[in-house]
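Residue numbering for the sequence shown follows full-length UniProt numbering, beginning at 5 and increasing consecutively. Beta carbons: idealized from backbone N, C-alpha and C, even for Gly. Working notes for the structure below.
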Amino acid sequence: VHPVIVAIDGPSGTGKSSTSRAVAAELGLSYLDTGAQYRAITWWMITNGIDVADAAAVADAAAKPAIVSGTDPAHPTITVDGVDASGPIRTQEVTAKVSAVSAVPEVRTRITGLQRSIAAAAPNGIVVEGRDIGTTVLPDADLKIFLTASPEARAARRAGELKGADVSATREALIKRDAADSTRTASPLAKAADAVEVDTTELTLQQVIECVVTLVAEKR
Ligand code: C5P
5 VHPVIVAIDG PSGTGKSSTS RAVAAELGLS YLDTGAQYRA ITWWMITNGI
55 DVADAAAVAD AAAKPAIVSG TDPAHPTITV DGVDASGPIR TQEVTAKVSA
105 VSAVPEVRTR ITGLQRSIAA AAPNGIVVEG RDIGTTVLPD ADLKIFLTAS
155 PEARAARRAG ELKGADVSAT REALIKRDAA DSTRTASPLA KAADAVEVDT
205 TELTLQQVIE CVVTLVAEKR
C-alpha cells in the first residue's frame with residue numbers, strides 16, 4: 005500500500021481534531037494539526053510584541069519563528085523556537101487573534117510549506133486537519149473530508165471542552181472566527197469540489213470515526 009494522504013477540513017467544533025487523531029491512530033498514519041501551527045505563529049507574534057492587526061509587521065516576522073510539529077496521533081506536540089507551546093496556543097487570547105494572523109499571505113506561504121514537507125515525509129501516510137488542506141495545501145490528497153455541524157452543536161461542543169464556558173458567548177466567538185476564516189482572500193475555509201461532506205450534528209464521535217475509516221479503506 006502506498007502512503008495515503010487524508011485531508012480533513014471544516015469549521016471549529018465539528019470534531020475535526022478528535023476524528024483526525026482517532027482515524028490516524030487506528031490506521032497507523034501520522035497526524036498533523038495545522039490549526040496548531042497557525043496558533044503557534046500567533047503565540048510567537050504576541051510574545052514578541054508584534055501587533056497582530058498590523059499585517060505588514062506580521063508579514064515581516066512570518067519567517068522568524070522555528071515551528072516544529074510532532075505527528076504522533078497519540079501525543080501531538082508543537083514547539084516554537086524549541087519551547088513546548090502546546091498549552092499556550094490554546095488560550096483565549098491566541099484564539100481571538102489567530103484569524104488575523106492566518107489571513108496574512110506571507111504567514112500562509114510559510115506554514116503551507118511546512119505542511120507539505122511534513123506530509124511528504126510521513127512513511128505510511130498522514131491525516132492532515134485544517135481549513136484549506138483539500139483546496140490548497142494538498143489538492144492531490146487521496147481522500148478529502150469536509151466536516152460540518154449546526155452552529156448550536158458546534159458551540160455546545162466547544163463550551164464543553166472549555167469547561168464551564170458560556171455557550172452563547174462561545175457561539176458568538178466561533179461564528180465570528182468562522183466568518184473571518186471563510187471570507188479572507190488568502191486560501192479561505194472552503195469545501196473542495198471533490199470533498200465528501202459529513203454533517204456531524206446528529207452523529208456520535210465514534211460514528212464519524214467509523215465513517216472516515218470506511219472511506220479511507222475504499223481508497224486503499
Ligand atoms: O483548528 P483551530 O481552531 O485550532 O484553528 C485555529 C485557526 O487557525 C483557525 O481559526 C484559522 O484562522 C487558522 N487555520 C487556517 N488554516 C488552516 C488551519 C487553521 O487558517 N488550515
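Does the beta-carbon of residue i have 16 or more other beta-carbons within 10 angstroms, so that it is buried, or is it exposed?
| i | result |
| --- | --- |
| residue 91 | exposed |
| residue 95 | exposed |
| residue 40 | buried |
| residue 68 | exposed |
| residue 187 | exposed |
| residue 210 | exposed |
| residue 164 | exposed |
| residue 148 | buried |
| residue 101 | buried |
| residue 136 | buried |
| residue 153 | buried |
| residue 14 | buried |
Check this for me: beta carbons of residue i and residue j, under 7 Å apart or not?
| i | j | result |
| --- | --- | --- |
| residue 24 | residue 12 | yes |
| residue 44 | residue 93 | yes |
| residue 157 | residue 205 | yes |
| residue 60 | residue 54 | no |
| residue 191 | residue 130 | no |
| residue 199 | residue 138 | yes |
| residue 65 | residue 108 | no |
| residue 151 | residue 202 | yes |
| residue 17 | residue 128 | no |
Cα-Cα, which of the options is closest to residue i?
| i | options | result |
| --- | --- | --- |
| residue 177 | 162, 194, 72, 58 | 162 |
| residue 184 | 144, 103, 110 | 103 |
| residue 19 | 32, 52, 37 | 37 |
| residue 27 | 224, 222, 212, 223 | 212 |
Please state whether DSSP places residue i in a helix, a strand or coil.
| i | result |
| --- | --- |
| residue 83 | strand |
| residue 170 | coil |
| residue 217 | helix |
| residue 110 | helix |
| residue 185 | helix |
| residue 78 | coil |
Counting only runs of 4+ residues fully inside the region 17-76, write out the alpha helix (DSSP H) ranges in chain order. Within the region 17-76, the runs of alpha helix (DSSP H) at least 4 residues long that lie entirely inside it are, in chain order, 20-31, 38-51, 59-65.
Quick check for students: name the residue ranges of the alpha helix (DSSP H) that lie wholly in the region 115-165, counting only runs of 4 or more. 155-165
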